[in-house]
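Residue numbers (my numbering): 32 to 301.
Glycine is no exception: its CB is placed at the ideal position from the N, C-alpha and C atoms.
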Amino acid sequence: MNAVRPSPEQWSGDLDLITIAAKAAGEKALSYFRKDPEVQWKNGGRSPVSEADFAANDILKEKLLAARPNYGWLSEETDDDQARLGCDTVFVVDPIDGTRAFIAGKDVWCVSVAVVHLGRPVAGVLFAPALGELFQATVTGEALKNGAPVTVKPMGAEILRIALAEETVGLLESGYRASVSRIPHVPSLAYRIAMIADGRIDGTIVKKNSHDWDLAAADLILERAGGALFNLDGEPLSYNRPNVRHTVLCAAAKPALPALIAASQGLEGH
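So this is what it looks like as C-alpha cells:
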C-alpha cells in the first residue's frame with residue numbers, strides 16, 4: 032500500500048495538481064478539435080478513440096505520475112494495470128469524456144480527472160475547454176464552477192428535468208413518469224452529472240456499463256454540491272475495484288434521489 036496521509040491539505044494539493052494537468056490536457060485536445068483528427072475504433076468497433084484522446088492521456092499520465100509516483104493509475108486510454116489494486120490512492124482519468132461529440136465537432140466534452148482514496152473520490156476536476164468551464168471539488172470543500180460555488184437546484188413542485196435515454200422513459204414507474212420532462216441527449220456523462228451539480232437539471236439515470244473514469248470526478252463534484260450518485264440499492268459507488276464497470280445508476284439532489292431510485296427499479300434488467 033502507498034503511504035499517503037489522508038488530510039484536507041493533501042487533497043487540496045492534489046486538486047491543484049490535477050487542475051493544472053487537466054487544463055494542459057484540455058488545451059492539447061482543443062488543438063485537434065474540429066480539425067478532423069485521426070480516429071480508431073475499440074471494443075469490437077463500438078467505441079471511437081481519436082488521436083486527441085491519446086495525446087491528452089499522455090500529458091495527464093506524464094504530469095500526474097511524475098508528481099505522485101506512488102499513486103495508482105486507471106485511465107480509459109491506458110491498458111489496465113492490476114497493480115492499481117494495491118494502491119490506497121489512484122488517479123482515475125478520462126482524457127476526453129464525450130469522444131463522439133468531440134469527433135463530431137460538438138462542444139460538450141471534457142477532461143475528467145479524479146483522485147480516489149480507499150475507493151472514494153477525494154479530489155476531482157472536469158475541464159470543458161470548448162465551453163470555457165472548469166468544475167472542481169475536494170472531499171472537504173465546496174463544488175466550484177470557474178471558481179464560484181455551485182449547488183443543486185432546490186426541490187420544488189415543478190416538473191423535474193431529467194436526462195435519460197428516450198427508450199428509458201417508458202420503463203419508469205408510471206406515476207413518477209408524469210412528473211418528468213426529458214432533456215435532450217448530453218453526450219458527456221461526466222458533464223451531464225455536473226449539470227445537476229450546478230442546478231441546470233434535476234437528475235439523470237445512467238444505463239449500466241458506465242466506468243470508473245466516466246464517473247469519479249463528477250461524483251465528487253455532485254456530492255459537494257448537495258447531490259449524490261447512487262446505484263439502485265441506494266448505495267454510493269466504490270471505485271478502483273477489479274471490475275470498473277457499474278450497474279444502473281441514479282444521480283440527483285439528495286432530497287430527490289430516493290424517488291428517482293424507486294421509480295427506476297424496472298431498469299435493472301435493461
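Original post:
In its own chain, which residues sit with a C-beta less than 7 Å from the C-beta of residue 33, not counting the 5 before and 5 after it?
Top reply: Residue 33 sits at position 2 when you count from the first residue of the sequence shown. Because residue 33 carries a pLDDT of 48, less than 50, the predicted location of this residue cannot be relied on, and the following value inherits that uncertainty. Cβ neighbours of residue 33 beyond the five flanking positions: 101, 102, 118, 119, 120.
Original post:
Of the residues 219, 252, 154, 131, which one's Cα is nearest the Cα of residue 176?
Top reply: Here the question's residue 176 lines up with position 145 in the sequence shown. The option with the nearest alpha carbon to residue 176 is 252.
**OP:** Leaving aside the five residues before and after residue 240 along the sequence, list all residues of the same chain whose C-beta is less than 7 Å from its C-beta, in chain order.
**Re:** Reading the sequence shown from its first residue, position 209 is the one you call residue 240. Excluding sequence neighbours, residue 240 sits near 276.
Subject >> Distance between beta carbons of residue 235 and residue 46, contact taken as under 8 Å >> reply: Here residue 46 refers to the residue found at position 15 of the sequence shown. Here residue 235 refers to the residue found at position 204 of the sequence shown. Not really, about 24 Å apart at Cβ, beyond 8 Å.
Original post:
Looking at C-alpha atoms only, which residue of 126, 143, 62 is the closest neighbour of residue 154?
Top reply: On the sequence shown, residue 154 is found 123 positions in, with the first residue counted as 1. For residue 154, the nearest C-alpha among the options comes from 143.
Original post:
Fully enclosed by the segment 95-139, which beta strand (DSSP E) runs are 3 residues long or longer?
Top reply: Correct list: 103-106, 120-128.
Subject >> Candidates 140, 199, 70, of which the one nearest residue 249 by Cα >> reply: Within the sequence shown, numbered from 1, the residue matching residue 249 stands at position 218. Among 140, 199, 70, the Cα nearest to that of residue 249 belongs to 140.
Original post:
In whole angstroms, what is the alpha-carbon distance linking residue 209 and residue 201?
Top reply: Locating residue 209 in the sequence shown gives position 178, where the first residue counts as 1. Locating residue 201 in the sequence shown gives position 170, where the first residue counts as 1. In a straight line, the C-alpha of residue 209 is about 11 Å away from that of residue 201.
Subject >> Three-state secondary structure (DSSP) of residue 43 >> reply: Working through the sequence shown from its first residue, we reach residue 43 at position 12. Note: residue 43 maps to helix in three-state DSSP.
**OP:** Tell me, to the nearest whole angstrom, how far the beta carbon of residue 256 is from that of residue 171; I am working on the premise that it is less than 8 Å.
**Re:** The sequence position of residue 256 within the sequence shown is 225, counting from 1. The sequence position of residue 171 within the sequence shown is 140, counting from 1. Not a contact, Cβ separation roughly 14 Å.
Original post:
Secondary structure at residue 37, three-state DSSP: helix, strand or coil?
Top reply: As a first step, residue 37 must be located in the sequence shown, where it is residue number 6. Residue 37 falls in the coil class under three-state DSSP.
Subject >> DSSP beta-bridge partners of residue 191 >> reply: Here residue 191 refers to the residue found at position 160 of the sequence shown. According to DSSP, residue 191 bridges with 211.
Original post:
So residue 169 is in the beta strand (DSSP E); what residue range does that whole segment cover?
Top reply: As a position in the sequence shown, residue 169 is number 138, starting the count at 1. Run containing residue 169: 164-169, per the beta strand (DSSP E) assignment.
Original post:
So is residue 274 buried or exposed if we call it buried at 16+ other beta carbons inside 10 Å?
Top reply: Within the sequence shown, the letter at position 243 stands for residue 274. Residue 274 should be labelled exposed.
**OP:** Pull up the DSSP beta-bridge partners for residue 262, would you.
**Re:** Translated into the one-based positions of the sequence shown, residue 262 becomes position 231. Residue 262 is bridged by DSSP to 280.
**OP:** Give me the Cα-Cα distance between residue 242 and residue 189, rounded to the nearest whole angstrom.
**Re:** As a working mapping, residue 242 is identified with position 211 in the sequence shown. As a working mapping, residue 189 is identified with position 158 in the sequence shown. Going from the Cα of residue 242 to the Cα of residue 189 covers about 32 Å.
**OP:** Compare the C-alpha of residue 106 against each of 113, 126, 96 and name the closest.
**Re:** Reading the sequence shown from its first residue, position 75 is the one you call residue 106. Considering only alpha carbons, the answer is 126.
**OP:** Can you grab the Cα-Cα spacing for the pair residue 287 / residue 206, in whole Å?
**Re:** For the purposes of this step, residue 287 is identified with residue 256 of the sequence shown, where counting begins at 1. For the purposes of this step, residue 206 is identified with residue 175 of the sequence shown, where counting begins at 1. If I take the Cα positions, the gap works out to 15 Å.
Original post:
Is it buried or exposed for residue 35, if we count other Cβ within 10 angstroms and need 16 for buried?
Top reply: For the purposes of this step, residue 35 is identified with residue 4 of the sequence shown, where counting begins at 1. Since pLDDT at residue 35 reaches only 47, below the 50 mark, its modelled position is unreliable, and the value read off the structure follows with that caveat. In the assembly as shown, residue 35 is a buried residue. Its beta-carbon has 16 or more other beta-carbons within 10 Å.
**OP:** Can you grab the Cα-Cα spacing for the pair residue 88 / residue 174, in whole Å?
**Re:** Position 57 of the sequence shown, counted from the first residue, corresponds to residue 88. Position 143 of the sequence shown, counted from the first residue, corresponds to residue 174. If I take the Cα positions, the gap works out to 25 Å.
Subject >> Secondary structure of residue 32, DSSP reduced to three states >> reply: Looking up residue 32 in the sequence shown gives position 1. Its pLDDT being 44, under 50, residue 32 is placed unreliably in this model, and the value from its coordinates should be taken loosely. Coil.
Original post:
At which residue ranges does the segment 49-84 contain complete beta strand (DSSP E) runs of 3 or more residues, listed in the order of the chain?
Top reply: 70-73, 78-81
**OP:** Tell me whether residue 175 sits in a helix, a strand or coil according to DSSP, three-state version.
**Re:** Taking the first residue of the sequence shown as 1, we reach residue 175 at position 144. Three-state DSSP puts residue 175 in a strand.
Subject >> In DSSP terms, what residue 235 is bridged to >> reply: Walking along the sequence shown from the start, residue 235 turns up at place 204. Beta-bridge pairing links residue 235 to 194, 282.
Subject >> Cβ separation of residue 134 and residue 194, assumed to be a contact under 8 Å, to the nearest whole Å >> reply: As a first step, residue 134 is located in the sequence shown; it is residue number 103 there, counting from the start. As a first step, residue 194 is located in the sequence shown; it is residue number 163 there, counting from the start. Taking the Cβ atoms as the reference, residue 134 lies roughly 21 Å from residue 194, outside the contact range of under 8 Å.
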